[in-house]
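**Q** Sharing a structure here in structure tokens format.
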Amino acid sequence: MNWGLRLKFENLVHLHCACRQLRALSYRPVCRAQWKPVQLSACPVWSVRLYPQLWQRDKLISAAFPHYRHLATKEEKKKTRKKLTMTKGEVEIKQKMTVEELARAMGKDVDHIFEALLYTDVDFDSLEPDSILYEDHIKLIVKKSGMKYKSAKLKEEKEKENTDAVKRPPADPAVLTPRPAVVTILGHVDHGKTTLLDSLRKTQVASMEAGGITQHIGAFLVHLPSGEKITFLDTPGHAAFSAMRARGTTVTDIVILVVAAEDGVMEQTIESIQHAKNAGVPLILAINKCDKPEADPERVKKELLAHDVVCEEFGGDVQAVNISALKGENLMVLAEATVALAEVLELKADSTGLVEGTVIECRKDKGKGPVTTAIIQRGTLRKGCVLVAGKTWAKVRFMFDENGRAVDAASPGIPVEIMGWKEVPSAGDEILEVESEQRAHEVVAWRNYVEQQDKMKKDLEIIEAKQKEHRTEYEKKQQKLGHLTWRQRKAVLYKANKHLMFAKPKERVEIDKNVLSVIVKGDVDGSVEAILNILDSYDADHECKLDIIHFGMGDISETDISLAEAFNGVVYGFSVKANETIKKMAAKKGIKIKIHNIIYQLIEDLKQELNSRLPPSVVENTIGEASVLDTFSVTVGKSKVPVAGCRVHKGLLDKKMKFKLIRKGDVIWKGSLSSLKHHKADVQIIKSGMDCGLSLDKDIEFNVGDEIVCYEEKEVEQITSWDPGF
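The sequence shown: position 244 = 244 (the UniProt record's numbering), numbered continuously.
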């Protein structure tokens with residue numbers, strides 16, 4: 001046979017076989033086959049026909065089918081390898097490993113990982129080498145490969161040495177010296193606490209308070225005629241300032257409970273008693289407003305028995321003094337009772353060594369910067385001392401007393417305003433003096449580190465819980481779709497989510513309308529805390545979502561206006577200011593600034609803003625009612641129209657209004673009338689006592705005894721169901 005013809009025939013046979021094998025491969029589940037381009041020979045295939053002796057048959061086929069060669073090689077490897085390669089060893093695994101990272105950790109290629117994933121329920125269509133694997137899939141892959149796994153350790157950091165500042169050990173009793181008593185005045189709102197303090201200090205603190213209601217905690221040093229000194233803490237009695245009252249009792253020695261003689265025991269009175277009990281602080285009862293005709297001090301004492309406050313005349317240990325803070329009656333008796341109790345308590349402190357104290361209140365002053373009101377509990381505070389409180393520190397620049405006069409030193413029991421803080425600490429923070437600024441940096445760094453670690457632990461718990469929840473949902477979905485092919489699964493999921501894809505923009509617009517974003521600015525930390533505590537009680541998210549996007553101390557700034565503009569929010573200020581530039585900027589951008597000096601007015605304003613965000617409710621106002629006395633039909637064109645003969649027995653029927661048909665108490669139709677006639681004449685209004693014939697805009701058969709009601713719809717502003725508690 002001719003050599004050339006023989007070679008042609010041979011090539012055709014090989015080509016046919018190769019095509020059949022390629023077709024067979026296309027139906028096989030080749031997972032992650034990687035096509036690699038192969039350099040073709042410089043000589044074309046057709047040249048073999050002229051020079052057959054120079055080309056071997058294998059080279060010819062490999063040059064003609066390079067892609068097939070690559071796939072076929074992988075398929076041959078899979079045939080020869082029935083099981084996964086078993087490799088003994090230990091693999092360090094961690095959460096959120098990608099396919100590539102796992103392959104690298106196992107010392108395998110990516111194909112090995114994909115092959116192992118055939119034993120899992122992972123969807124290959126959504127998997128890439130940089131896709132993140134679930135932890136249970138990672139463990140399964142390692143097990144199928146005959147290897148063991150262990151959790152990878154976090155990057156080992158050198159265990160940080162605890163560099164926090166702590167209190168000194170208790171002082172030697174020999175070095176203790178007497179100190180002024182710290183007395184906290186507690187009681188219900190408007191029972192006369194600040195007026196009592198006014199009379200003791202001979203000043204007018206109450207006249208400067210907004211609405212005569214204390215909005216802050218104040219610390220004052222009072223010099224009595226006897227020469228004794230007492231530090232008084234005047235706490236707010238309003239329901240919103242519960243945290244301030246609790247904070248006041250933690251640094252106090254004695255609590256004076258003020259109760260109005262005509263009102264008796266009230267809600268905040270009971271709360272104040274509980275604060276004193278929790279702190280283990282003795283009580284003195286001051287029954288105020290005894291000069292009023294309706295005053296009944298004995299009733300107050302009996303009411304307090306129900307709360308375990310037993311006065312001395314009933315066999316208890318609580319001193320009770322009847323006073324009139326406004327007229328100054330019996331104030332010296334109250335002062336003497338306080339001094340006597342302080343002597344019994346033998347209040348002493350160590351005025352040497354490093355300073356220890358407590359932040360009572362803090363604020364941002366425009367000229368002074370961060371300022372704190374503090375009570376010194378140990379040591380003597382002087383200019384230049386380096387203090388640490390919470391996660392900030394200060395080098396004391398200036399100190400002021402309650403009257404704004406500069407002081408050089410503050411001993412234990414003395415309240416003082418401190419300037420020099422880098423940032424504003426939180427009210428209630430412990431103040432500790434350290435040796436140097438470097439030491440202060442170490443303490444703050446350690447506290448930030450501890451807070452960061454705690455936050456990471458909490459975040460990790462939340463993430464794990466969410467992952468578990470999502471994993472459970474995913475597995476449920478996979479079980480429902482497990483009998484389907486991947487194409488069928490995609491089709492089912494697309495059909496299920498198709499309506500959501502089109503609904504999202506509309507939903508987003510509706511959500512934006514029902515969200516009130518607020519920025520809260522206050523003069524001191526305690527005021528902001530009180531407002532946030534009230535807002536935390538908001539429980540009407542189903543009506544309108546309340547979103548606090550920012551809060552802080554100090555006057556309203558450009559940043560606040562920019563934030564409000566970004567979130568379409570409202571800026572609320574409490575005892576702060578907004579200069580003209582800020583007001584003009586807000587007006588230009590359409591941002592509302594609402595400033596109040598009384599907390600309940602701010603909350604009422606907030607409720608009004610919430611009400612304005614709620615969609616109006618539609619109320620039906622009945623105009624007239626008629627009864628169906630007879631029914632008949634009228635031919636209009638080729639169709640018959642049901643007509644009701646009615647008599648109006650209440651109000652009137654107006655054709656322009658809306659109507660409803662009521663049968664046996666059930667509304668079976670709502671709409672408009674197509675005709676309203678009186679003695680065959682079309683009319684607009686039928687008054688009470690008149691008969692008429694009417695037909696509806698829909699073919700509905702009437703029954704004798706049906707009721708026709710004429711009504712109009714009015715939109716009424718909704719009121720939020722949120723009750724802040726006062």
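Positions of the beta carbon are idealized from the N, C-alpha and C atoms, including for glycine. Predicted, not measured: the structure shown is a model, and the values here were computed from it.
With a cut-off of 8 Å on the beta carbons, I'd call Val576 and Ile556 a contact; round off their distance for me.
**A** Here residue 576 is taken as the residue at index 576 of the sequence shown, counted from 1. Here residue 556 is taken as the residue at index 556 of the sequence shown, counted from 1. Val576 to Ile556, Cβ: 6 Å. Contact.
**Q** How close, in whole Å, do the beta carbons of Val91 and Val142 come, if the pair is a contact with beta carbons under 8 Å?
**A** Looking up residue 91 in the sequence shown gives position 91. Looking up residue 142 in the sequence shown gives position 142. About 5 Å separates the two Cβ atoms, so the contact holds.
**Q** Relative to the C-alpha of Ala440, which candidate in Lys655, Val386, Arg179 and Val492 has its C-alpha closest?
**A** Taking the sequence shown and counting its residues from 1, one reaches residue 440 at position 440. That would be Val386, whose Cα lies nearest to the Cα of Ala440.
**Q** Kindly say whether Thr559, judged by its beta-carbon, lies nearer than 8 Å to any beta-carbon of chain D.
**A** Among the protein chains of the structure shown there is no chain D, as only one such chain exists.
**Q** Using the Cβ count rule (16 or more neighbours within 10 Å means buried), how would you classify His191?
**A** In the sequence shown, the residue the question calls residue 191 occupies position 191. His191 is buried by the Cβ-count criterion.
**Q** Would you decide whether Thr358 is buried or exposed? Buried here means 16 or more other CB atoms lie within 10 Å of its CB.
**A** The residue you call residue 358 lines up with position 358 of the sequence shown. Classification for Thr358: buried.
**Q** Quick one, are the C-beta atoms of Lys289 and Glu329 less than 8 Å apart?
**A** As a first step, residue 289 must be located in the sequence shown, where it is residue number 289. As a first step, residue 329 must be located in the sequence shown, where it is residue number 329. It is not a contact, given that the beta carbons lie outside the stated cut-off.
**Q** Can you give, in chain order, each stretch of the beta strand (DSSP E) that sits fully within the stretch 396 to 458 and has at least 3 residues?
**A** With a minimum length of 3 residues, the continuous beta strand (DSSP E) runs that stay inside the stretch 396 to 458 are 415 to 421 and 430 to 434.
**Q** From which residue to which residue does the alpha helix (DSSP H) around Thr380 run?
**A** Here residue 380 is taken as the residue at index 380 of the sequence shown, counted from 1. Taken as a continuous stretch (DSSP letters only), Thr380 belongs to no alpha helix (DSSP H), as it is neither H nor E.
**Q** Quick check on Arg168: does DSSP put it in helix, strand or coil?
**A** Residue numbering aside, residue 168 sits at position 168 when the sequence shown is read from its first letter. Reduced to three states, the DSSP call for Arg168 is coil.
**Q** Hey, could you find the ends of the alpha helix (DSSP H) Val99 is sitting in?
**A** Counting from 1 along the sequence shown, the entry for residue 99 is found at position 99. That run of the alpha helix (DSSP H) goes Val99 to Met106.
**Q** For Glu713 versus Ile623, is the C-beta spacing smaller than 8 Å?
**A** To locate residue 713, count along the sequence shown from 1; it is residue 713. To locate residue 623, count along the sequence shown from 1; it is residue 623. No.
**Q** Classify His191 as helix, strand or coil using the three-state DSSP reduction.
**A** Here residue 191 refers to the residue found at position 191 when the sequence shown is read from its first residue. It is coil, neither helix nor strand.
**Q** Since I believe Val634 is in contact with Val628 (beta carbons under 8 Å), could you give me their beta-carbon distance rounded to a whole number of angstroms?
**A** Against the sequence shown, residue 628 aligns to sequence position 628. Against the sequence shown, residue 634 aligns to sequence position 634. Contact flag wrong, Cβ pair sits at about 15 Å.
**Q** Going by Cα to Cα distance, which pick from Glu464, Val443, Lys364 and Tyr449 is closest to Thr418?
**A** Taking the sequence shown and counting its residues from 1, the one referred to as residue 418 is at position 418. First, the residue type needs correcting, since residue 418 is Ile and not Thr in the sequence shown. Selected option, being the one with the closest Cα: Lys364.
**Q** Is there contact between the stretch 335 to 355 and the stretch 172 to 189, where contact requires at least three CB pairs shorter than 8 Å?
**A** Verdict: yes, contact present.
**Q** Is it buried or exposed, Arg57, if we count other Cβ atoms within 10 angstroms and call 16 or more buried?
**A** By 1-based counting over the sequence shown, the position of residue 57 is 57. With a pLDDT of 41 at Arg57, under the threshold of 50, the modelled position of this residue cannot be trusted; read the value that follows with caution. So Arg57 ends up on the exposed side.
**Q** With a 10 Å radius around its C-beta and 16 neighbouring C-beta atoms as the bar for buried, classify Tyr474 as buried or exposed.
**A** Position 474 of the sequence shown, counting from 1, holds the residue named residue 474. Result: exposed.
**Q** Using three-state DSSP, classify Gln718 as helix, strand or coil.
**A** Along the sequence shown, one-based indexing puts residue 718 at 718. DSSP places Gln718 in coil when its eight states are reduced to three.
**Q** At the level of alpha carbons, what is the spacing between Gly211 and Glu361?
**A** As a first step, residue 211 is located in the sequence shown; it is residue number 211 there, counting from the start. As a first step, residue 361 is located in the sequence shown; it is residue number 361 there, counting from the start. Reliability of the predicted coordinates at Gly211 is poor, the pLDDT of 42 falling under 50, and the value obtained from them is presented with this limitation in mind. Cα to Cα, Gly211 sits roughly 21 Å from Glu361.
**Q** Pick helix, strand or coil for Leu331, following the three-state DSSP scheme.
**A** As a position in the sequence shown, residue 331 is number 331, starting the count at 1. Residue state, collapsed to three classes: helix.
**Q** Does the distance from the CB of Val648 to the CB of Ser675 come in under 8 Å?
**A** Here residue 648 refers to the residue found at position 648 when the sequence shown is read from its first residue. Here residue 675 refers to the residue found at position 675 when the sequence shown is read from its first residue. Against a cut-off of 8 Å, the Cβ pair of Ser675 and Val648 comes out as no contact.
**Q** Is the Cβ-Cβ distance between Ile700 and Leu653 less than 8 Å?
**A** Here residue 700 corresponds to residue number 700 of the sequence shown, with the count starting at 1. Here residue 653 corresponds to residue number 653 of the sequence shown, with the count starting at 1. No; because the gap between Cβ atoms is not below 8 Å, this pair is not in contact.
**Q** Just mark Glu301 as buried or exposed, buried being the case when its beta carbon has 16 or more other beta carbons within 10 Å.
**A** The residue given as residue 301 occupies position 301 in the sequence shown. According to the sequence provided, residue 301 is Lys. The question's Glu does not apply to it. Buried, since its Cβ has 16 or more Cβ neighbours within 10 Å.
**Q** Would you decide whether Pro415 is buried or exposed? Buried here means 16 or more other CB atoms lie within 10 Å of its CB.
**A** Taking the sequence shown and counting its residues from 1, the one referred to as residue 415 is at position 415. Counting Cβ neighbours within 10 Å, Pro415 comes out buried, since at least 16 surround it.
**Q** Near Met266, which residues of its chain fall below 7 Å by C-beta distance, leaving aside the five closest residues on each side in sequence?
**A** Working through the sequence shown from its first residue, we reach residue 266 at position 266. Taken in chain order, the residues that qualify are His188.
**Q** Measure the beta-carbon distance from Phe574 to Asp523 and round it to whole angstroms, keeping in mind my assumption that it falls under 8 Å.
**A** As a working note, residue 574 is residue 574 in the sequence shown. As a working note, residue 523 is residue 523 in the sequence shown. Indeed, because the Cβ distance is near 7 Å, the residues count as touching under 8 Å.
**Q** Do Ile254 and Ile273 count as a contact pair if the criterion is CB distance below 8 Å?
**A** The residue given as residue 273 occupies position 273 in the sequence shown. The residue given as residue 254 occupies position 254 in the sequence shown. No, Cβ-Cβ distance for Ile273 and Ile254 is not below 8 Å.
**Q** Flag this pair as yes or no: are the beta carbons of Asn322 and Ile287 separated by less than 8 Å?
**A** Translated into positions along the sequence shown, residue 322 becomes position 322. Translated into positions along the sequence shown, residue 287 becomes position 287. Cβ atoms of Asn322 and Ile287: closer than 8 Å.
**Q** Measure the alpha-carbon distance for Val571 versus Val183 and round it to whole angstroms.
**A** Start at 1 with the first residue of the sequence shown, and residue 571 comes out as number 571. Start at 1 with the first residue of the sequence shown, and residue 183 comes out as number 183. Straight-line Cα distance between these residues: approximately 37 Å.
**Q** Which stretch, first to last residue, makes up the alpha helix (DSSP H) that contains Ser527?
**A** Residue mapping note: residue 527 aligns to position 527 of the sequence shown, counting from 1. Counting along the chain, the alpha helix (DSSP H) containing Ser527 begins and ends at Asp525 to Asp536.
**Q** Find the nearest neighbour of Val344 within the set Asp317, Val355 and Pro370, judged by alpha-carbon distance.
**A** The residue given as residue 344 occupies position 344 in the sequence shown. Minimum Cα distance to Val344 is reached at Asp317.
**Q** Assign Lys277 to one of three DSSP states: helix, strand, or coil.
**A** Stepping through the sequence shown from its first residue, residue 277 is reached at position 277. DSSP places Lys277 in helix when its eight states are reduced to three.
**Q** Starting from Thr581, follow the alpha helix (DSSP H) in both directions and report where the run begins and ends.
**A** Translated into the one-based positions of the sequence shown, residue 581 becomes position 581. Run containing Thr581: Glu580 to Lys589, per the alpha helix (DSSP H) assignment.
**Q** Taking the alpha-carbon of Glu135 as reference, which of Ser426, Arg471, Thr163 and Gln319 has the nearest alpha-carbon?
**A** As a first step, residue 135 is located in the sequence shown; it is residue number 135 there, counting from the start. Looking at the Cα atoms, Arg471 is the closest of the given residues.
**Q** For Phe702, which of helix, strand or coil comes out of DSSP?
**A** Taking the first residue of the sequence shown as 1, we reach residue 702 at position 702. In this structure, Phe702 counts as coil in the three-state DSSP scheme.
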